[in-house]
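Student: Before anything else, here's the structure in question.
Numbering (our numbering), first residue to last: 13 to 238.
Here's what the structure looks like:
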């Protein structure tokens, strides 16, 4: 179930439309896919370590085969569970940046757009009453201008100013949210790249320790320890 959930993350990213060849979201999806392999990699590395442990103990006392097998299973389980926990955390972080963060930014953009439309509508209403006031002035109806149209026109102007300020605030919030999402996504990607470098170093270290593993393969059959 854990690995299957990791495989769904890139699909979710694709459906949101937020992933392209160079975007932080694509790198986050790649980090999630790498995390899904971490548990298996730890399990394989554990098998090498177990073999070394078992070979040493059996070299001292060949009768300890059952004890070695039990220890091997416990160590394998510990390493595997540790890898699963790390992979789950990476998947959760990646899911946030692939699915949640883009939605928050889009919501902020929609809020700014709606506020702008409201401001434009208020200005249109003010223009309407301004035109009515001019018509009344052309007719010489000073009383209507003073008591009705002028008051409504000024009220519409006030509403338009209020809506314009609201639109500006919404636009600033959208910009701030987008900047924060971009900053946190960049930080997540940097962390993922760091983990990738650490993984490469571990692989190099494992490659340099393959000689003991060859000895283990010759003297200890792990399949018989189950």
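Glycine is no exception: its CB is placed at the ideal position from the N, C-alpha and C atoms.
What you are looking at is a predicted structure, and each value in this text was computed from that prediction instead of being measured.
Residue 96 and residue 193 - do their beta-carbons sit closer together than 7 Å?
Tutor: no
Student: Is it right to say residue 134 is buried, meaning 16 or more other beta carbons lie within 10 angstroms of its own, or is it exposed?
Tutor: Its Cβ being crowded by 16 or more others within 10 Å, residue 134 is buried.
Student: Let me confirm a value: residue 182 is counted as buried when at least 16 other C-beta atoms fall within 10 Å, else exposed. Which label applies?
Tutor: buried
Student: Tell whether a beta-carbon distance below 7 Å holds between residue 203 and residue 127.
Tutor: Going by C-beta atoms, residue 203 is not nearer than 7 Å to residue 127.
Student: Work out the CA separation of residue 208 and residue 120 for me, nearest whole Å.
Tutor: 33 Å
Student: Below 8 Å on the Cβ atoms is my contact criterion, and I expect residue 131 with residue 186 to pass it. Report the Cβ-Cβ distance as a whole number of Å.
Tutor: Contact doesn't hold; Cβ gap of about 15 Å is too wide.
Student: Where does residue 197 land, buried or exposed, given buried means 16+ other C-beta within 10 angstroms?
Tutor: Looking at its Cβ environment, which holds 16 or more other Cβ atoms inside 10 Å, residue 197 is buried.
Student: Identify which residue in 138, 86 and 114 has its Cα closest to the Cα of residue 173.
Tutor: 138
Student: When the Cα of residue 170 is compared with those of 82, 136 and 199, which residue comes out closest?
Tutor: Nearest C-alpha to residue 170: 136.
Student: Out of curiosity, what's the CA-to-CA distance linking residue 213 and residue 129?
Tutor: 55 Å
Student: For residue 124, count neighbouring Cβ atoms within 10 angstroms of its own Cβ and tell me buried if that reaches 16, exposed if not.
Tutor: buried
Student: If we count the other Cβ atoms within 10 Å of its Cβ and call it buried at 16 or more, is residue 199 buried or exposed?
Tutor: exposed
Student: Cα separation between residue 82 and residue 90?
Tutor: 12 Å
Student: Just tell me which of 210, 206 and 189 has its CA closest to the CA of residue 115.
Tutor: Just measuring C-alpha positions, the residue of 210, 206 and 189 sitting nearest residue 115 is 189.
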